[in-house]
Structures are given as C-alpha cells and as structure tokens.
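Residue numbers (our numbering), protein chains in the order written: chain A, 616 to 897; chain B, 465 to 842. Take a look at the structure set out below.
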Amino acid sequence: MTATAEQVTLKHPMAKYIREDRMPWIYCPGCSIGIVTGMITRAIDTLGIDFSKVVVVSGIGCSGRTSGYFKTGTFHTTHGRAIPFATGVKIANPDLELLVVAGDGDLAAIGGNHLIHACRRNIDMTVVCINNFNYGMTGGQFGPTTEHEKWTQTSPAPIGNIEHPFNLVKLAASSGATFVARWTAVQVRRATKSIEKGITKQGLSFIEIVGACPTAYGRMNRLGEGVDMHKHLLEVTDIQNGLPPHEAELDYARRIVCGEFVDIEKPEYTDVLKQMHAKVRK
Amino acid sequence: MPERTMFTMGDIACAEGALSAGCRYFGGYPITPATEIAEWMAVRMPELSGAYVQYEDEIASITSVIGASWAGIKAMTATSGPGASLMMEAVGLAVMTETPIVIVNIMRGGPSTGQPTRGQQGDVLQAKWGSHGDYQIIALTPASVQEMFDLTVRAFNLSEKYRVPVFLLADEIVGHMREALVIPDEKSLKLVSRKMPKSEPSEYLPFKPDDDLVPPMALLGTKYQFYATGLTHDERGYPTDSDEVQIELVTRLNEKILRHIDEITEVERYFLDDAEIAIVAYGTPARSARRAVKDARAKGIKAGMLRLKTVWPFPEEPIAQLASDVKHIIVPEQNMGQVYYMVRAFAAPTPVHLMTKPAGTPQLPDEILRKIMEVHAK
Ligand SMILES: Cc1ncc(C[n+]2csc(CCOP(=O)(O)OP(=O)(O)O)c2C)c(N)n1
Ligand code: SF4
Ligand SMILES: [Mg+2]
Numbered sequence: 616m617t618a619t620a621e622q623v624t625l626k627h628p629m630a631k632y633i634r635e636d637r638m639p640w641i642y643c644p645g646c647s648i649g650i651v652t653g654m655i656t657r658a659i660d661t662l663g664i665d666f667s668k669v670v671v672v673s674g675i676g677c678s679g680r681t682s683g684y685f686k687t688g689t690f691h692t693t694h695g696r697a698i699p700f701a702t703g704v705k706i707a708n709p710d711l712e713l714l715v716v717a718g719d720g721d722l723a724a725i726g727g728n729h730l731i732h733a734c735r736r737n738i739d740m741t742v743v744c745i746n747n748f749n750y751g752m753t754g755g756q757f758g759p760t761t762e763h764e765k766w767t768q769t770s771p772a773p774i775g776n777i778e779h780p781f782n783l784v785k786l787a788a789s790s791g792a793t794f795v796a797r798w799t800a801v802q803v804r805r806a807t808k809s810i811e812k813g814i815t816k817q818g819l820s821f822i823e824i825v826g827a828c829p830t831a832y833g834r835m836n837r838l839g840e841g842v843d844m845h846k847h848l849l850e851v852t853d854i855q856n857g858l859p860p861h862e863a864e865l866d867y868a869r870r871i872v873c874g875e876f877v878d879i880e881k882p883e884y885t886d887v888l889k890q891m892h893a894k895v896r897k
Numbered sequence: 465m466p467e468r469t470m471f472t473m474g475d476i477a478c479a480e481g482a483l484s485a486g487c488r489y490f491g492g493y494p495i496t497p498a499t500e501i502a503e504w505m506a507v508r509m510p511e512l513s514g515a516y517v518q519y520e521d522e523i524a525s526i527t528s529v530i531g532a533s534w535a536g537i538k539a540m541t542a543t544s545g546p547g548a549s550l551m552m553e554a555v556g557l558a559v560m561t562e563t564p565i566v567i568v569n570i571m572r573g574g575p576s577t578g579q580p581t582r583g584q585q586g587d588v589l590q591a592k593w594g595s596h597g598d599y600q601i602i603a604l605t606p607a608s609v610q611e612m613f614d615l616t617v618r619a620f621n622l623s624e625k626y627r628v629p630v631f632l633l634a635d636e637i638v639g640h641m642r643e644a645l646v647i648p649d650e651k652s653l654k655l656v657s658r659k660m661p662k663s664e665p666s667e668y669l670p671f672k673p674d675d676d677l678v679p680p681m682a683l684l685g686t687k688y689q690f691y692a693t694g695l696t697h698d699e700r701g702y703p704t705d706s707d708e709v710q711i712e713l714v715t716r717l718n719e720k721i722l723r724h725i726d727e728i729t730e731v732e733r734y735f736l737d738d739a740e741i742a743i744v745a746y747g748t749p750a751r752s753a754r755r756a757v758k759d760a761r762a763k764g765i766k767a768g769m770l771r772l773k774t775v776w777p778f779p780e781e782p783i784a785q786l787a788s789d790v791k792h793i794i795v796p797e798q799n800m801g802q803v804y805y806m807v808r809a810f811a812a813p814t815p816v817h818l819m820t821k822p823a824g825t826p827q828l829p830d831e832i833l834r835k836i837m838e839v840h841a842k
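This is the structure in structure tokens:
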C-alpha cells in the first residue's frame with residue numbers, strides 16, 4: 616500500500632518531545648510504560664515549560680528505558696541510582712526541572728534507601744514510579760511490590776511469593792514527600808494532572824502509576840493480555856482523593872485506591888541551601 | 465586570593481586543593497580516615513556558595529557527584545576502603561559516560577573494616593580493576609601535605625581534560641600528617657575545564673570524539689539534547705548490541721588515556737643518575753625510602769629512588785628505562801605487593817625485590833636500608 620500525502624504528514628501531537636529516530640521502542644505490546652511516557656509529555660505540554668530545562672533521569676529496567684526516549688537532556692544511571700544522580704543535578708543547577716522515571720524494583724528495592732532519603736530531604740523533583748509488580752526487564756522475578764503468593768520466575772508455583780509488598784504511597788508519605796499520588800495506567804487524564812502538579816510543586820513529588828507487564832507478570836499470574844490487564848485496572852480502581860495516605864490500600868485483585876493523598880508545604884532543600892549561603896555571606 | 469601558608473593536615477590540603485581547582489560540589493558519607501575532608505568542605509563550601517551534601521551512603525554520594533558534573537559543576541567525593549568498594553559500580557558509569565569527577569580514597573587497613581585509623585596501600589589495584597569491564601583509570605599518589613593540594617588540583621585538571629574519573633590515592637599517614645602547605649595565588653594556578661560543543665544543537669553528536677579521542681561535553685539543561693547511558697552507545701549516545709560499536713567504544717575509552725600516558729604520568733627521580741639499586745615507591749613508604757637512600761649513599765652504596773606520583777596509567781616507560789639503568793629494583797609497599805607486579809612486568813629481566821608490610825606502620829628507613837644492603841651484597 617502506498618501512503619497518501621495526508622498519512623505522511625500525520626504526526627503524533629507529542630512527537631516533538633520524543634526522539635522519533637529511536638522508534639520503535641523496546642516495549643512489548645500491551646505494556647503500560649508507553650502510556651506513562653505519553654502522560655509525561657502531555658503534562659509538559661500543558662504546563663508549557665521550556666523542555667530544554669527539563670532533565671529526565673532513570674535507573675535500569677524496562678521503566679528505566681523511559682529517559683532515553685525524551686528529546687531533552689536525559690541520563691540513564693546505574694540500577695537504583697536515578698534519584699542520587701538527579702539530586703546532584705538539582706543542587707548544582709536548581710533552575711532545572713528534574714524528572715525521575717523508574718520501576719518499582721529500581722526505586723523501592725535497590726534504590727529504596729535513596730527514595731526515602733530524597734523524600735526526607737524534600738528536594739525538588741518529580742519521581743514517577745511505574746509499578747508493574749515485578750522485575751520486567753530481567754524476565755519477571757518478584758520484587759518489593761509483588762503481592763503475597765503471586766507467581767514470578769523466582770517465586771514459582773505452587774508456593775509463590777513468600778514475602779509481602781511495600782505500599783509505595785505509604786512509604787513515600789511517611790518518608791516526607793510533599794506530594795504523593797497513585798493512579799493506574801488507565802486514568803490517563805487524572806494521572807497527567809498529578810504529574811503536572813508534581814512538576815509545579817516545590818518539593819519531592821512521588822507519583823505511583825500502577826501498570827501492566829503482560830509479558831512477564833501477567834503471563835505468570837494468568838492475568839491475560841495487556842488489554843485485559845488494563846481493563847482490570849479500570850474495574851478495581853477506587854478513586855479517593857484526599858484520603859489519608861495510610862488508608863491508600865492496594866489489593867491488585869479487588870481494590871486499588873487511587874488519588875492524590877499528600878499535598879503539603881515544607882521547605883525545599885535547594886531553597887534552604889540558597890538561604891544558608893546568603894546567611895554565611897552576611 | 466593571594467598566596468597563603470597553612471600548617472595543616474593532608475586531608476585538609478586535599479579539600480583546599482579541590483576548592484582552588486574550582487570544585488563547588490562535594491557529595492560524601494563520613495568515613496575514617498577521610499572524614500576531615502568532608503568536615504572541611506562542610507565549613508568551606510557555604511563560604512564559596514558551593515554545596516556540601518551528605519548522602520545516605522557512598523553509592524549515592526558518587527552518583528550525585530556524576531550528576532553535579534553533568535550540570536556543569538566541578539565535583540568530588542572522598543572516602544576510604546569500605547566506601548570505595550561501594551562506589552565501584554558508579555566508577556564504571558563515570559568511565560562509560562565520560563564524566564569528569566574526582567574520587568579521593570584515603571586508604572586504611574583492610575580487608576573489610578580492617579583498621580580504620582591506620583594507613584595502608586591496599587586499594588591500588590582496586591582503583592584500576594575494581595569496576596567491571598575493560599577500562600583505564602588515572603590515579604595520583606601524593607606523599608606530602610603539599611602534594612595533597614597540588615595533586616588534587618591536577619586530578620581535577622586531568623578529569624576535565626580527558627573526561628574521566630580520577631582517583632587521588634593517599635594512604636592514611638599522608639592524609640593525617642601535618643606539614644606546611646603553601647596555597648598559591650589563585651591567578652597562578654593553571655586550571656583546565658572540559659571542552660564544550662561548538663556545533664549546532666541539531667548536529668551535535670554527544671559521543672563523537674575529537675582528534676584527542678575526547679568528545680566535547682554538553683551540559684544538562686542547555687540547548688543541546690542528548691542521552692547519556694552506561695549502556696554501550698554509538699556517537700549519538702544510543703544503546704546498541706553491535707560488536708563493532710562495543711569494540712570501538714571500549715578501545716577509545718582505553719586509548720584516550722593510554723595515548724596520553726606521557727603527559728599524564730609523573731615520576732620523581734631521586735639520586736638515580738649513577739644508581740645501581742633503585743627503590744620504586746609511592747606515598748608514605750617513599751618518604752622512608754628517601755632517608756634510606758641517603759643513608760645507603762653515606763655507606764658508599766649507589767642507591768636511588770623513582771617515586772611514582774601517578775600509579776595509573778602505570779608509568780611503563782620510566783620503569784623500563786630504570787630497569788635498564790640499574791642492577792636491582794626494590795619495591796616497598798604498605799600492602800602484600802600491588803604495584804610490585806606492575807614493576808616486575810616492565811622491569812624484566814632486572815630483578816625486582818618486594819618488601820611487604822600490610823600494616824599501619826610503614827617500612828621504616830632502617831628496614832629499607834637493610835634491604836638495600838642485603839641486595840647490594842648479592
Ligand atoms: C546492580 C544491578 N543488579 C541487577 C541488575 C539487573 N536488573 C536490570 S533491570 C532489573 C529490575 C528492574 O525492575 P523494575 O525497576 O521494576 O523495572 P521494570 O523492568 O519492571 O520496568 C534488574 C534486577 C542490574 N542491571 N544492576
Ligand atoms: S517485559 Fe513487561 S515491563 Fe518490560 S516492556 Fe515487556 S511488558 Fe513492559
Ligand atoms: Mg517493575
């Protein structure tokens with residue numbers, strides 16, 4: 616089939632933020648990561664901020680590949696270390712807008728210590744965690760958000776996962792993050808709004824996007840194809856904006872509480888640093 | 465600031481050297497015997513509107529330093545053995561993404577927690593081989609308080625010039641000793657800054673090297689957009705599985721240091737003109753060796769010393785030359801023998817005698833003198 620002139624000029628409205636020369640990307644069909652990438656571009660577009668001042672950082676994993684598709688200054692760190700890298704950038708140049716996009720394993724297992732300390736420091740950055748309940752990139756092993764008795768490559772049937780998961784909303788909120796939200800990959804408009812708020816917020820924003828990894832987690836737990844998994848997310852979402860974060864339960868099969876749970880003001884790290892410098896100079 | 469003199473310790477001289485070199489970001493986690501560097505930075509950085517940031521661990525410290533460097537600030541971290549071990553993965557990231565940073569390791573007794581307050585030279589091979597994969601590293605080895613300053617400045621200059629992580633490897637004795645330090649007039653210091661791209665942003669290839677094998681470095685948050693990754697990448701910075709690109713990249717990362725080895729490596733020659741027995745040493749044992757050489761000369765033995773101020777890249781040529789000029793080489797190290805194996809590789813067939821001492825007390829001048837006499841009697 617030969618393309619018509621009309622088809623050739625059709626372009627995705629968000630393509631200007633994306634390295635089109637890197638397409639097709641590595642994600643499997645039905646994966647949520649592409650949806651989250653779309654949310655971020657739309658948030659940036661709506662805010663109308665200078666994209667060259669936005670720095671996207673990620674760790675390692677399927678979710679960790681996200682940074683490489685954005686057409687701005689982007690950095691792919693070692694596994695778990697996106698937050699410390701972004702912290703160094705932000706302190707060295709506080710004018711930049713730092714976005715960290717990474718997976719549940721990256722941010723809550725190997726990088727878990729950095730996550731809680733960045734929340735405690737309240738350094739201005741937006742952390743988007745794509746929670747697909749497993750280590751997708753390495754073929755689907757259990758991780759810090761895998762639910763009890765769920766099957767993965769390293770928690771096979773008939774026993775399943777003998778551990779219990781973190782609730783990332785509770786973790787970030789109790790560690791001191793000033794903006795905390797959770798959505799699933801199907802609440803695109805709401806999630807995008809929260810990402811916008813996170814970017815605008817002067818402080819650490821943590822946004823969990825519950826997503827689907829049909830290739831590994833979905834297959835092993837017989838959750839169906841990508842479409843089935845996303846349909847399920849829609850069905851079990853319970854939107855409860857403003858609910859105290861400690862009540863934001865996540866039970867994959869029955870009820871995923873979504874919404875914005877924390878939105879508070881606290882002194883931000885680089886602001887305080889600037890004030891302290893002024894104090895010393897006096 | 466005009467020239468000033470201090471009576472101070474090696475760790476503080478190192479911190480002052482970094483500040484004079486333009487370092488305005490320090491990320492660290494306290495550890496003996498490098499803590500004084502962090503403490504000094506915590507006082508001095510705010511005065512210069514720089515940042516002292518204390519992280520939750522050494523992995524975060526070094527990774528944040530890489531981040532600060534990509535935002536255009538000269539940055540460093542300082543640690544000792546246990547922290548250096550934690551940093552190793554990130555050293556590889558700095559190598560692969562060609563990030564100028566300085567890592568100070570004030571070496572203490574090991575393995576493991578070892579002897580925190582006692583010196584050793586146990587991490588020399590770690591600095592070269594500690595991260596996975598094939599790479600070259602630059603490591604400088606000061607032997608005095610003044611050199612803690614001078615070589616820290618040099619470490620920054622080399623890191624900026626070649627876009628590489630540079631180690632300052634000092635043993636605890638050098639880190640904690642107190643001597644006079646002359647901080648030169650800031651205008652007299654030669655400082656190097658990384659090359660910035662001149663091309664149009666649309667034509668910028670972030671990992672395309674110039675003739676010196678070093679690519680110009682764009683910063684985050686500028687009109688240049690790029691992807692820097694620890695994955696094997698082509699000149700655009702894009703990841704690839706290609707054998708060709710992998711070979712080309714790894715070769716270039718090695719070659720950009722090896723091709724400039726003469727410019728990078730520094731040695732001090734001491735009484736070598738007519739020497740028959742040469743000591744090869746670095747750091748504290750070199751201070752003992754200096755005395756031992758004098759004492760040997762007083763006994764009529766033609767001894768001398770080649771002191772290494774750079775251990776990586778290894779000064780192959782000066783060692784090979786030395787080996788052809790002398791009859792014996794003695795290597796005293798505060799470890800079980802690390803640089804010794806490198807010396808042996810380039811000195812063959814000249815005999816190389818190792819003096820090990822994996823302890824806080826270094827080889828004393830008398831011990832080295834006895835070894836010189838023993839070798840002389842052969
Ligand atoms: C230090 C280190 N350990 C292990 C790995 C292997 N590894 C790569 S990605 C990954 C897990 C990623 O999981 P997650 O962050 O949840 O991302 P996902 O792939 O699920 O999106 C692991 C364990 C690594 N790259 N580095
Ligand atoms: S393995 Fe899972 S997380 Fe990774 S791209 Fe495929 S579906 Fe997405
Ligand atoms: Mg995951």
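Beta carbons: idealized from backbone N, C-alpha and C, even for Gly.
A863(A) and G645(A) - do their beta-carbons sit closer together than 9 Å?
Mapped onto the first sequence, residue 645(A) falls at position 30. Mapped onto the first sequence, residue 863(A) falls at position 248. It is not a contact, given that the beta carbons lie outside the stated cut-off.
Next item on the list: Report back the beta-carbon spacing between S820(A) and A792(A) to the nearest angstrom; my notes put them in contact at under 8 Å.
Entry: Numbered from 1 along the first sequence, position 205 holds the residue referred to as residue 820(A). Numbered from 1 along the first sequence, position 177 holds the residue referred to as residue 792(A). Yes, they are in contact, since the Cβ atoms of S820(A) and A792(A) sit about 7 Å apart, within 8 Å.
| said: Cβ closer than 7 Å: which chain A residues qualify as neighbours of L622(B)? | reply: For the purposes of this step, residue 622(B) is taken as residue 158 along the second sequence, with counting starting at 1. Within chain A, no residue comes near L622(B); the closest Cβ sits about 21 Å away, beyond 7 Å.
Please identify, using Cβ separations under 7 Å, the residues of the segment 498-515 of chain B that lie next to chain A, in order along the chain. P510, E511, S513 and A515
Worksheet entry | Reference N728(A); option with closest CA among S525(B), Q600(B) and D614(B) | The residue labelled residue 728(A) in the question sits at position 113 within the first sequence. Here the closest residue by C-alpha is S525(B).
Please report the residue range of the beta strand (DSSP E) in which F666(A) lies. As a working note, residue 666(A) is residue 51 in the first sequence. F666(A) -> no beta strand (DSSP E), and no H or E assigned at all.
In terms of residues, what are the limits of the beta strand (DSSP E) holding P782(B)? The residue you call residue 782(B) lines up with position 318 of the second sequence. P782(B) -> not in any beta strand (DSSP E); alpha helix (DSSP H) instead, spanning E780 to D789.
Those runs of the beta strand (DSSP E) which lie wholly inside the segment 533-608 of chain B and span at least 3 residues:
538-543, 565-573, 579-583 and 602-604
Worksheet item: Taking Cβ positions only, does A535(B) come closer than 9 Å to chain A?
Response: Position 71 of the second sequence, counted from the start, is the residue given in the question as residue 535(B). So yes, A535(B) belongs to the interface.
*Where N621(B) sits in the DSSP three-state scheme*: What you label residue 621(B) is simply residue 157 of the second sequence in a count that begins at 1. Correct three-state label for N621(B): helix.
Chain A residues whose Cβ lies nearer than 9 Å to that of Y489(B)
Residue 489(B) sits at position 25 when you count from the first residue of the second sequence. For Y489(B), the chain A residues whose C-beta falls within less than 9 Å of its own C-beta are G703, I706 and A707, listed in chain order.
- prompt: Between which two residues does the beta strand (DSSP E) containing Y872(B) stretch?
  reply: Because residue 872(B) is not part of the residues shown, which for chain B are 465 to 842, the question remains open.
- prompt: In three-state DSSP terms, what is Q710(B)?
  reply: What you label residue 710(B) is simply residue 246 of the second sequence in a count that begins at 1. Assignment of Q710(B) by DSSP, reduced to helix, strand and coil, places it in the helix class.
(message) Taking CB distances under 9 Å as the criterion, tell me whether L684(B) reaches chain A.
(response) Start at 1 with the first residue of the second sequence, and residue 684(B) comes out as number 220. Between L684(B) and chain A, the shortest Cβ-Cβ separation is below 9 Å.
- Query: So V803(B) is in the alpha helix (DSSP H); what residue range does that whole segment cover?
  - Reply: Translated into the one-based positions of the second sequence, residue 803(B) becomes position 339. Where V803(B) is concerned, the enclosing alpha helix (DSSP H) stretches over V803 to A811.
Practice problem: Closer than 9 Å by beta-carbon distance: list the chain D residues that pair up with Y519(B), in chain order. | Solution: Of the protein chains in the structure, A and B, none is chain D.
Practice problem: Look up R834(B) in the DSSP assignment and say whether it is helix, strand or coil. | Solution: As a working note, residue 834(B) is residue 370 in the second sequence. Note: R834(B) maps to helix in three-state DSSP.
- prompt: Any heavy atom of ligand 3 closer than 8 Å to the CB of F781(A)?
  reply: Counting from one through the first sequence, the residue named residue 781(A) turns up at place 166. No.
Notebook entry, point to check: Can you check whether the CB of T693(B) is closer than 9 Å to the CB of F690(A)?
Noted result: Within the first sequence, numbered from 1, the residue matching residue 690(A) stands at position 75. Within the second sequence, numbered from 1, the residue matching residue 693(B) stands at position 229. Yes. Within cutoff.
Taking V816(B) as the reference, give the member of K791(B), T825(B), Q798(B) and L833(B) with the closest Cα. For the purposes of this step, residue 816(B) is identified with residue 352 of the second sequence, where counting begins at 1. Closest by alpha carbon: K791(B).
message = Less than 8 Å separating the Cβ of N708(A) from some heavy atom of ligand 3?
response = On the first sequence, position 93 is the one that residue 708(A) refers to. Result no, Cβ not under 8 Å from ligand 3.
Q.
Using beta carbons (cut-off 9 Å, strictly below), is M616(A) in contact with chain B?
A. Translated into positions along the first sequence, residue 616(A) becomes position 1. The predicted model places M616(A) with a pLDDT of 46, which falls under 50 and marks its position as unreliable; any figure quoted below should be read in that light. No, M616(A) does not count as interfacial toward chain B.
Check: Going by the beta-carbon positions, is the gap between M571(B) and S544(B) smaller than 9 Å?
Finding: Taking the first residue of the second sequence as position 1, residue 571(B) is located at position 107. Taking the first residue of the second sequence as position 1, residue 544(B) is located at position 80. Yes, they are a contact pair.
>> Tell me the residue span of the alpha helix (DSSP H) that contains V784(A).
In response: Here residue 784(A) refers to the residue found at position 169 when the first sequence is read from its first residue. V784(A) -> alpha helix (DSSP H) spans L783 to S790.
Inset, instruction - Sort S513(B), D649(B) and C487(B) by Cα distance to I530(B) and report the nearest one. - result: The sequence position of residue 530(B) within the second sequence is 66, counting from 1. Among S513(B), D649(B) and C487(B), the Cα nearest to that of I530(B) belongs to C487(B).
* Please go through the same chain and pick out, in chain order, the residues whose beta-carbon is closer than 6 Å to the beta-carbon of V630(B), but skip the five residues on each side of it. => Here residue 630(B) refers to the residue found at position 166 when the second sequence is read from its first residue. Annotation for V630(B): V566, I602, A619, L622 and S623 place their beta carbon closer than 6 Å to its own, counting only its chain and skipping 5 residues before and after.
To the nearest angstrom, how far is the alpha carbon of A548(B) from that of M560(B)?
If you number the second sequence from 1, residue 548(B) lands on position 84. If you number the second sequence from 1, residue 560(B) lands on position 96. About 18 Å.
Worksheet item: Using a C-beta to C-beta distance shorter than 8 Å, which residues of chain A count as neighbours of F690(B)?
Response: As a first step, residue 690(B) is located in the second sequence; it is residue number 226 there, counting from the start. Contacts between F690(B) and chain A, judged by CB atoms closer than 8 Å, involve G688 and T689 in chain order.
task: Say yes only if the C-beta of I745(A) is nearer than 8 Å to one or more non-hydrogen atoms of ligand 3, and no if none qualify.
output: Looking up residue 745(A) in the first sequence gives position 130. It does: the Cβ of I745(A) is within 8 Å (strictly closer) of some heavy atom of ligand 3.
Exercise. Nearest-angstrom Cα distance between T499(B) and Y489(B)?
Worked result: Taking the second sequence and counting its residues from 1, one reaches residue 499(B) at position 35. Taking the second sequence and counting its residues from 1, one reaches residue 489(B) at position 25. One C-alpha to the other measures close to 16 Å.
- Message: Quick check on D660(A) - is its C-beta less than 9 Å from some C-beta in chain B?
- Response: Residue mapping note: residue 660(A) aligns to position 45 of the first sequence, counting from 1. Chain B, which has no Cβ nearer than 9 Å to the Cβ of D660(A), makes this no.
Who are the near neighbours of A868(A) in its chain, counting only those whose CB is closer than 6 Å to its CB and skipping five residues on each side? Position 253 of the first sequence holds residue 868(A). If we look at A868(A) and ignore the five residues flanking it on each side, it has no Cβ neighbours.
Could you pull the start and end residues of the beta strand (DSSP E) that A640(A) belongs to? Position 25 of the first sequence, counting from 1, holds the residue named residue 640(A). Looking at the sequence shown, residue 640(A) is not Ala but Trp. Looking at the DSSP string, W640(A) is not in any beta strand (DSSP E), and its letter there is neither H nor E.
query: Does ligand 1 have a heavy atom nearer than 8 Å to the CB of D719(A)?
result: Your numbering for residue 719(A) matches position 104 in the first sequence. Within the cutoff, so yes.
- Query: Using a Cβ cut-off of 8 Å, which residues of the segment 739-767 of chain A contact any Cβ in chain B, in chain order?
  - Reply: Residues: none.
**Message:** Only counting the same chain, and skipping five residues up and downstream in sequence, which positions put a Cβ closer than 8 Å to that of V473(B)?
**Reply:** Taking the second sequence and counting its residues from 1, one reaches residue 473(B) at position 9. Here residue 473(B) turns out to be Met, not Val, going by the sequence shown. Correct list, in chain order: E500, V609, G639, H640, M641 and R642.
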